[in-house]
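A.B. asks:
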Amino acid sequence: MNTPDHAGTTARDGSQVVGRAVPQLEAAEKLDGSALYIADLYRHGMLHAAILQSPLPHARIKGYDLTAAMALKGVHAIVTGDDLNESHRMGAFIKDEHAMAKGKVRYVGEIVAAVAADNEAIARQAVRLIQIDYEDLPAVLDPVAALAPGSPLVHDNAAQYVQVFDAGTQGNVCSRTSYRQGDVDAAWADCDLVVEREYRTQAQAHLSMEPCGALAEIDAAGRVTLWSANQSVFRVQAHVCETLGLPMTRLRCLTPRIGAGFGNKMEAHVQPLLALLAIKSGRSVKLILSREEDFETVRARHPFHIRIKTGVRRDGTLVAREIELLLDGGAFGDDSPGVLGYALLMQGGPYRIPHVHAHGRVAYTNKMRFGAFRGFGVPQVTFAAESQLDEIAAKLGMDPIALRRKNMLAGSDPWFGGQPILSNGLAECLDTVERESGWAARRVAQPVKAAADGDSRRRGLGVALSAHISGLLSTGAIVRVLEDGSVVLNTGAVDIGQGSNTVLTQMCAQALKVPMDRVALASPDTDGSPYNWGSTASRATYLTGRSVVAAAAEVEKKLKEHAGAMLECAADDLELLSGGHVAIKGVQQRSVSFADISGRAHWAFGGPIIGSSTCVFDQATFDPKRVAVLGLPFARIGVYSFSAMIVEVEVDDATGRVKVLRAWSACDVGRAINPRLAKGQIEGAFMQGMGYALSEELVWDGPRLVNPSLMDYKIPTMVELPDDLHAYLIESNEPSGPFGAKSVGEIGINTVAAAIANAVSNATGVQFTQLPLNAERVLRGMLAHEASGNKVAP
Amino acid sequence: MSETESSTSASPVTLRVNGETVHTVAALHDTLLTVLRDRLQLTAAKRGCNQGVCGACTILVDGKTMRACLCLAQACEGAEVRTLEGLNDTQRMQLLQAAFAENGAFQCGFCTPGMLVSANALLETNPQPDEGAIRTAMSGNLCRCTGYVSIVAAVKSAAAMSKRGAES
Numbered sequence: 001m002n003t004p005d006h007a008g009t010t011a012r013d014g015s016q017v018v019g020r021a022v023p024q025l026e027a028a029e030k031l032d033g034s035a036l037y038i039a040d041l042y043r044h045g046m047l048h049a050a051i052l053q054s055p056l057p058h059a060r061i062k063g064y065d066l067t068a069a070m071a072l073k074g075v076h077a078i079v080t081g082d083d084l085n086e087s088h089r090m091g092a093f094i095k096d097e098h099a100m101a102k103g104k105v106r107y108v109g110e111i112v113a114a115v116a117a118d119n120e121a122i123a124r125q126a127v128r129l130i131q132i133d134y135e136d137l138p139a140v141l142d143p144v145a146a147l148a149p150g151s152p153l154v155h156d157n158a159a160q161y162v163q164v165f166d167a168g169t170q171g172n173v174c175s176r177t178s179y180r181q182g183d184v185d186a187a188w189a190d191c192d193l194v195v196e197r198e199y200r201t202q203a204q205a206h207l208s209m210e211p212c213g214a215l216a217e218i219d220a221a222g223r224v225t226l227w228s229a230n231q232s233v234f235r236v237q238a239h240v241c242e243t244l245g246l247p248m249t250r251l252r253c254l255t256p257r258i259g260a261g262f263g264n265k266m267e268a269h270v271q272p273l274l275a276l277l278a279i280k281s282g283r284s285v286k287l288i289l290s291r292e293e294d295f296e297t298v299r300a301r302h303p304f305h306i307r308i309k310t311g312v313r314r315d316g317t318l319v320a321r322e323i324e325l326l327l328d329g330g331a332f333g334d335d336s337p338g339v340l341g342y343a344l345l346m347q348g349g350p351y352r353i354p355h356v357h358a359h360g361r362v363a364y365t366n367k368m369r370f371g372a373f374r375g376f377g378v379p380q381v382t383f384a385a386e387s388q389l390d391e392i393a394a395k396l397g398m399d400p401i402a403l404r405r406k407n408m409l410a411g412s413d414p415w416f417g418g419q420p421i422l423s424n425g426l427a428e429c430l431d432t433v434e435r436e437s438g439w440a441a442r443r444v445a446q447p448v449k450a451a452a453d454g455d456s457r458r459r460g461l462g463v464a465l466s467a468h469i470s471g472l473l474s475t476g477a478i479v480r481v482l483e484d485g486s487v488v489l490n491t492g493a494v495d496i497g498q499g500s501n502t503v504l505t506q507m508c509a510q511a512l513k514v515p516m517d518r519v520a521l522a523s524p525d526t527d528g529s530p531y532n533w534g535s536t537a538s539r540a541t542y543l544t545g546r547s548v549v550a551a552a553a554e555v556e557k558k559l560k561e562h563a564g565a566m567l568e569c570a571a572d573d574l575e576l577l578s579g580g581h582v583a584i585k586g587v588q589q590r591s592v593s594f595a596d597i598s599g600r601a602h603w604a605f606g607g608p609i610i611g612s613s614t615c616v617f618d619q620a621t622f623d624p625k626r627v628a629v630l631g632l633p634f635a636r637i638g639v640y641s642f643s644a645m646i647v648e649v650e651v652d653d654a655t656g657r658v659k660v661l662r663a664w665s666a667c668d669v670g671r672a673i674n675p676r677l678a679k680g681q682i683e684g685a686f687m688q689g690m691g692y693a694l695s696e697e698l699v700w701d702g703p704r705l706v707n708p709s710l711m712d713y714k715i716p717t718m719v720e721l722p723d724d725l726h727a728y729l730i731e732s733n734e735p736s737g738p739f740g741a742k743s744v745g746e747i748g749i750n751t752v753a754a755a756i757a758n759a760v761s762n763a764t765g766v767q768f769t770q771l772p773l774n775a776e777r778v779l780r781g782m783l784a785h786e787a788s789g790n791k792v793a794p
Numbered sequence: 795m796s797e798t799e800s801s802t803s804a805s806p807v808t809l810r811v812n813g814e815t816v817h818t819v820a821a822l823h824d825t826l827l828t829v830l831r832d833r834l835q836l837t838a839a840k841r842g843c844n845q846g847v848c849g850a851c852t853i854l855v856d857g858k859t860m861r862a863c864l865c866l867a868q869a870c871e872g873a874e875v876r877t878l879e880g881l882n883d884t885q886r887m888q889l890l891q892a893a894f895a896e897n898g899a900f901q902c903g904f905c906t907p908g909m910l911v912s913a914n915a916l917l918e919t920n921p922q923p924d925e926g927a928i929r930t931a932m933s934g935n936l937c938r939c940t941g942y943v944s945i946v947a948a949v950k951s952a953a954a955m956s957k958r959g960a961e962s
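Heads up: the sequence lines are chains A and B, in that order. So that you can map any letter, position 268 of the first sequence is 268 in this note's numbering, and since no number is skipped, the others follow by simple counting. If you want this note's numbering, it's the position in the second sequence, counting the first as 1, plus 794.
#1: When the distance is taken between beta carbons, is residue 663 of chain A closer than 7 Å to residue 608 of chain A?
#2: Helix, strand or coil for residue 457 of chain A per DSSP?
#3: Taking residue 956 of chain B as the query, report the chain A residues whose CB atoms sit under 8 Å from its CB, ordered along the chain.
#4: Does any residue of chain B have a CB that is nearer than 7 Å to the CB of residue 283 of chain A?
#5: Taking the straight line between their C-alpha atoms, what separation do you get for residue 374 of chain A and residue 343 of chain A?
#6: Would you tell me roughly how many angstroms separate the C-alpha atoms of residue 336 of chain A and residue 370 of chain A, rounded to the nearest one?
#7: Unbroken beta strand (DSSP E) runs of length 3 or more, entirely within the stretch 530 to 611 of chain A: which are they?
#8: Below 8 Å CB to CB, which residues in the same chain sit around residue 890 of chain B once its five sequence neighbours on both sides are set aside?
#9: According to a CB-to-CB cut-off of less than 7 Å, which residues of the stretch 225 to 258 of chain A neighbour chain B?
#10: If we count Cβ pairs, one from each stretch, closer than 8 Å, do we get three or more for the stretch 461 to 473 of chain A versus the stretch 637 to 644 of chain A?
#11: Could you tell me which of A:591, A:514, A:121, A:579 sits nearest to residue 569 of chain A, measuring between CA atoms?
#12: Just tell me which of A:719, A:331, A:356, A:432 has its CA closest to the CA of residue 308 of chain A.
#13: With DSSP run on the structure shown, which of helix, strand or coil describes residue 300 of chain A?
#14: Spell out a yes or no on whether the stretch 26 to 42 of chain A and the stretch 209 to 226 of chain A are touching, meaning 3 or more CB-CB pairs, one atom from each, closer than 8 Å.
#15: Buried or exposed: which applies to residue 6 of chain A, given that a residue is buried once 16 or more other Cβ atoms fall within 10 Å of its Cβ?
#16: What residues of chain B sit near residue 676 of chain A, judged by a beta carbon separation below 7 Å?
#17: Apart from the five residues on each side of it in sequence, which residues of its chain come closer than 6 Å, Cβ to Cβ, to residue 242 of chain A?
#18: Relative to chain B, which residues along the stretch 680 to 691 of chain A have a C-beta separation below 7 Å, given in chain order?
#19: Sort B:880, B:831, B:819, B:921 by Cα distance to residue 869 of chain B and report the nearest one.
#20: For the alpha helix (DSSP H) containing residue 401 of chain A, name the first residue and the last one.
#21: Roughly how many angstroms lie between the CA atoms of residue 593 of chain A and residue 34 of chain A, to the nearest whole one?
#22: Would you please verify whether the beta carbon of residue 297 of chain A is less than 7 Å from any beta carbon of chain B?
#23: Using a Cβ-Cβ cutoff of 7 Å, what residues of the stretch 702 to 736 of chain A are near chain B? List them in chain order.
#24: With distance defined between alpha-carbon atoms, name the residue in A:757, A:101, A:131, A:506 nearest to residue 64 of chain A.
#25: Quickly, what does DSSP pair residue 157 of chain A with across the bridge? List them, please.
#26: Can you list, in chain order, the residues of its chain whose CB lies under 8 Å from that of residue 831 of chain B, leaving out five sequence neighbours each side?
#27: For chain A, check one thing: does any of its Cβ atoms lie closer than 7 Å to the Cβ of residue 882 of chain B?
#28: Could you tell me which residues DSSP pairs with residue 180 of chain A in its beta bridges?
#29: Label residue 605 of chain A either buried or exposed according to how many other C-beta atoms from any shown protein chain fall within 10 Å of its C-beta, with 16 as the threshold for buried.
#30: Short of 9 Å Cβ to Cβ, which residues in the stretch 193 to 214 of chain A face chain B?
#31: Return the chain-ordered list of same chain residues with a C-beta closer than 6 Å to the C-beta of residue 182 of chain A, the five sequence neighbours on each side being excluded.
#32: Residues of the stretch 865 to 879 of chain B with a CB closer than 8 Å to any CB of chain A: list them in chain order, please.
#33: Let me make sure I understand the geometry here. Which of A:27, A:73, A:545 has the alpha-carbon closest to that of residue 739 of chain A?
#34: Contact defined as beta carbons within less than 8 Å: I believe residue 299 of chain A pairs with residue 209 of chain A. What is the distance between those atoms, to the nearest angstrom?
#35: At what residues does the beta strand (DSSP E) containing residue 664 of chain A begin and finish?
#36: Less than 7 Å between CB atoms is the rule here; does residue 813 of chain B satisfy it with respect to chain A?
This is the structure:
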């Protein structure tokens, strides 16, 4: 890596742990194979479950015949939609989904029944004996068709569902959102150039290496304990209780280690079913989805239809933007309304555009649900918007970086809609990748046709900028001082593999100036942890970190009150010393240890020391004086981070195959709490984005997903890793962030498809408007260009 | 998926697992992965795809790397099976583990046992692999978290540490 590692510069004082590249706290157990994931948990007398999936995209369920399945030896319980109450539905934005199909099936692969049996083989045998009487209904598989008049309705009466915001749900419209700033209709007249184009993006599978699963146990009093692959024990609790009509006191949710999430473990998968099976059988029950079932029943990244129109002045100044999105939401709302609202907020990118109309809809279709996935709609709109900026630059005869630099947010510029930005590292991100890539020397303005000597490869460079938020909703932290003066940190934040346990512990240790091994981390537990909405939306470092710092500050205050009494001085005259001591400022020999203070608190005065803090992100996203808003799913979303990326690709003229040779990704992280972990996020996001750009695509043949396996759905391997992948951490010091930090989980993916598409365009002279840029699409585009001079390809 | 009818008709099978003789039972269609994980509770090898693509279940059978999900347990009668649990005490594995920790060559850790077993096998046959050899040898182990950069660096670093160890 090219940027300096903080470990070398700030670790001189042993207590300085923020900024150090310490290994993950779970290193030992993850490296010797003893870390326990959901599939590794076993309980005494545990049953195993299997699911039955719908063979039809849309059908009414007229009845179930469970006789043969129940008669099979070793079967203990079967659950179907008949076990569910009609009014018990979940949904982050629209309450439209039961624990499994009830009344109707709405996509091929939807879960219609589940069996708990002595072992998995019996359970799988039993589900095949279940008879379901279906009445076939016409299906709608495409979002455009879904919104056409007279289209079959995925939900018979969607308008009746509870909506948590003004979603406008009706017919096959799951939600609609519109933001309007300035006067876009009048602004086109002020533009010297207006470019309008349509783009399409595909469905991408999250493909956490760990498939989803859950294990539920019921005690003698009927209380359920539930472990699962999850991104939030509190979301699991909410979904299960909503769908089963349980009071939250009846369900305790815990977490094993998590084999990554990327969004697909944030909302529910099979947790409600497992709780139901445990209740019905009175036994512990475990279910781990097969890879195929995981592909077919969990969720994926939304396919987008994008129409985007941008107007500029001759000098490159951006004036106006209209963008219209149509998202395939699949059968249930899930996080779709949020993805739409967020994509519309972010579509303008980190640029000043005075006149904007951003609007769109999510359509229900008879496909699997689409939901949260790293980037949350931004990779899609960034692909379209950054491709359009390159087209504009070419038409104006400007360098793509010069066009971006002319318009990008700087100084006190707010984000679209008016939210002030207090830390903006964008210029440094762009300067860094421009310098490190050698852009000026390496990028050619026009594509160079391959040499005639048989080498059919040509190269190109592309650039893209983006932004992301850190924040969203509520969280908390509790810091307790133990008798010996060490501390326990409890945040309820699930570490999904990204290293949040380590980062939050670093912050707590730093705030109290104790070594990391004096801080224990409590595992998330809905009985004992403070609420944490989830490890999602790039919020663990930034928002949970804020709570950790505030809870630690409360502990510091109490420590000083005790120390003041013990040292007979005012608390204001005290300071924390490294290693767990409180001393009189400037008089280090007049000190007391945390152990002595905690002993006093435990046994004599005041009681055990506990610091706690909760917060909710409360800064408004939109200034109502600037923007007219309809259907806003998040009113207060987060602080902004920025990123810039340059990639160099090689395109094979003969085959259309694209290879990424080098990539430079700079992300504004505010402050890197753990540089190694932060770079890991950027590197991992790049490869996941590269798969999205070049190869990954869920494909349906009619209603049926045809490639739900790793054999047929290809993600990048070590062979496709670029020769050089450089991650740069840009520190802009966010005033509201813990130690100046912002989060880094998602931002690294936003620019990847856009930068690769622009590089391919630079190499070939063809602008591609549809992802992924697989060899077939690129070759067809190049051949059409050669044959007819067509510069734009689907 | 694999376990279906007549699953209860398991017959005895004897394996050598991590140096110990193990008498267990397996049906004809039970894979070695099922026996290791569900019967012997050796859970380092993970079931990521159950069709031999992801590499998370990589183990050694008679000294060769194999996908445990593609090995039928009954076909392994008498075989010498080694999982990550049985390699933890070896010097080469400990070098690799130290290098993985130092380089941040894992995030969620789900693919890590398979990665380590593959890397260990690579260094056994090719103690000083160049980057190309590392990428080729480990391309059958999928990771969705790290982007692979840190894994390549860790394997290189373990090889370098091993060389320094041998020279000193």
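Ideal Cβ placement from N, Cα and C applies to all residues, glycine included.
C.D. replies: Let's see:
#1: Within the first sequence, numbered from 1, the residue matching residue 608 of chain A stands at position 608. Within the first sequence, numbered from 1, the residue matching residue 663 of chain A stands at position 663. No, the Cβ-Cβ distance between residue 608 of chain A and residue 663 of chain A is not below 7 Å.
#2: Taking the first residue of the first sequence as 1, we reach residue 457 of chain A at position 457. DSSP places residue 457 of chain A in the strand class (E or B) of the three-state scheme.
#3: Position 162 of the second sequence, counting from 1, holds the residue named residue 956 of chain B. One finds nothing in chain A with a Cβ atom closer than 8 Å to the Cβ of residue 956 of chain B; even the nearest lies about 17 Å away.
#4: Numbered from 1 along the first sequence, position 283 holds the residue referred to as residue 283 of chain A. So, not an interface residue.
#5: The residue given as residue 374 of chain A occupies position 374 in the first sequence. The residue given as residue 343 of chain A occupies position 343 in the first sequence. Taking the straight line joining both Cα atoms gives about 12 Å.
#6: For the purposes of this step, residue 336 of chain A is taken as residue 336 along the first sequence, with counting starting at 1. For the purposes of this step, residue 370 of chain A is taken as residue 370 along the first sequence, with counting starting at 1. About 7 Å.
#7: Qualifying beta strand (DSSP E) stretches, in chain order: 574 to 577, 581 to 584, 587 to 593.
#8: Reading the second sequence from its first residue, position 96 is the one you call residue 890 of chain B. Scanning its chain for C-beta atoms nearer than 8 Å, with the 5 sequence neighbours on each side dropped, one finds around residue 890 of chain B the residues 910, 913, 914, 917, 948, 949, 952, in chain order.
#9: Only 257, 258 from the stretch 225 to 258 of chain A bring a Cβ to less than 7 Å from some Cβ of chain B.
#10: The stretch 461 to 473 of chain A, when compared against the stretch 637 to 644 of chain A, does touch it at the 8 Å Cβ threshold.
#11: The residue labelled residue 569 of chain A in the question sits at position 569 within the first sequence. Proximity to residue 569 of chain A across A:591, A:514, A:121, A:579 peaks at A:591, based on C-alpha coordinates.
#12: As a position in the first sequence, residue 308 of chain A is number 308, starting the count at 1. Distance from the Cα of residue 308 of chain A is smallest, within the candidate group A:719, A:331, A:356, A:432, for A:356.
#13: The sequence position of residue 300 of chain A within the first sequence is 300, counting from 1. Residue 300 of chain A falls in the strand class under three-state DSSP.
#14: By the Cβ test, the stretch 26 to 42 of chain A is in contact with the stretch 209 to 226 of chain A, since at least three Cβ pairs between them sit closer than 8 Å.
#15: For this step, residue 6 of chain A is matched to residue 6 along the first sequence. Note that residue 6 of chain A scores 40 on pLDDT, short of 50, meaning its location in the model is unreliable; the coordinates nonetheless yield the value given after this. Label assigned to residue 6 of chain A: buried.
#16: Reading the first sequence from its first residue, position 676 is the one you call residue 676 of chain A. Here the neighbours are 898.
#17: Sequence index remark: in the first sequence, residue 242 of chain A carries index 242 (1-based). Spatial neighbours of residue 242 of chain A in its own chain (CB-CB distance under 6 Å, excluding positions within 5 residues in sequence) are listed in chain order as 90.
#18: For the stretch 680 to 691 of chain A, which is checked against every Cβ of chain B, the residues closer than 7 Å are 680, 683, 684, 686, 687, 688.
#19: Against the second sequence, residue 869 of chain B aligns to sequence position 75. Nearest of B:880, B:831, B:819, B:921 to residue 869 of chain B, Cα basis: B:819.
#20: Locating residue 401 of chain A in the first sequence gives position 401, counting from the first residue. It spans 400 to 407 - the alpha helix (DSSP H) in which residue 401 of chain A sits, taken as one unbroken run.
#21: Working through the first sequence from its first residue, we reach residue 593 of chain A at position 593. Working through the first sequence from its first residue, we reach residue 34 of chain A at position 34. Between residue 593 of chain A and residue 34 of chain A, the C-alpha separation is close to 36 Å.
#22: Position 297 of the first sequence, counted from the start, is the residue given in the question as residue 297 of chain A. So no, residue 297 of chain A is outside the interface.
#23: Residues passing the 7 Å Cβ filter: 709, 710, 711, 715, 717, 718, 719, 721, 725.
#24: The residue labelled residue 64 of chain A in the question sits at position 64 within the first sequence. Just measuring C-alpha positions, the residue of A:757, A:101, A:131, A:506 sitting nearest residue 64 of chain A is A:131.
#25: In the first sequence, counting from the first residue as 1, residue 157 of chain A sits at position 157. Secondary-structure assignment with DSSP links residue 157 of chain A through no beta bridge to anything.
#26: Along the second sequence, one-based indexing puts residue 831 of chain B at 37. Cβ neighbours of residue 831 of chain B beyond the five flanking positions: 837, 839, 841.
#27: Translated into the one-based positions of the second sequence, residue 882 of chain B becomes position 88. With 7 Å as the cut-off, residue 882 of chain B counts as an interface residue toward chain A.
#28: Residue numbering aside, residue 180 of chain A sits at position 180 when the first sequence is read from its first letter. In the DSSP output, where bridge partners are listed per residue, residue 180 of chain A has A:357, A:628.
#29: The sequence position of residue 605 of chain A within the first sequence is 605, counting from 1. Here residue 605 of chain A is exposed, its C-beta having fewer than 16 other C-beta atoms within 10 Å.
#30: Cβ contacts with chain B come from 206, 207, 208, 209, 210, 211.
#31: In the first sequence, residue 182 of chain A corresponds to position 182, counting from 1. Here the set comprises 354, 355.
#32: Cβ contacts with chain A come from 877, 878, 879.
#33: Here residue 739 of chain A corresponds to residue number 739 of the first sequence, with the count starting at 1. With distances taken between Cα atoms, residue 739 of chain A lies closest to A:545.
#34: To locate residue 299 of chain A, count along the first sequence from 1; it is residue 299. To locate residue 209 of chain A, count along the first sequence from 1; it is residue 209. Not a contact, Cβ separation roughly 17 Å.
#35: The sequence position of residue 664 of chain A within the first sequence is 664, counting from 1. 658 to 668 is the extent of the beta strand (DSSP E) around residue 664 of chain A.
#36: As a position in the second sequence, residue 813 of chain B is number 19, starting the count at 1. No - not a single Cβ of chain A is within 7 Å of the one on residue 813 of chain B.
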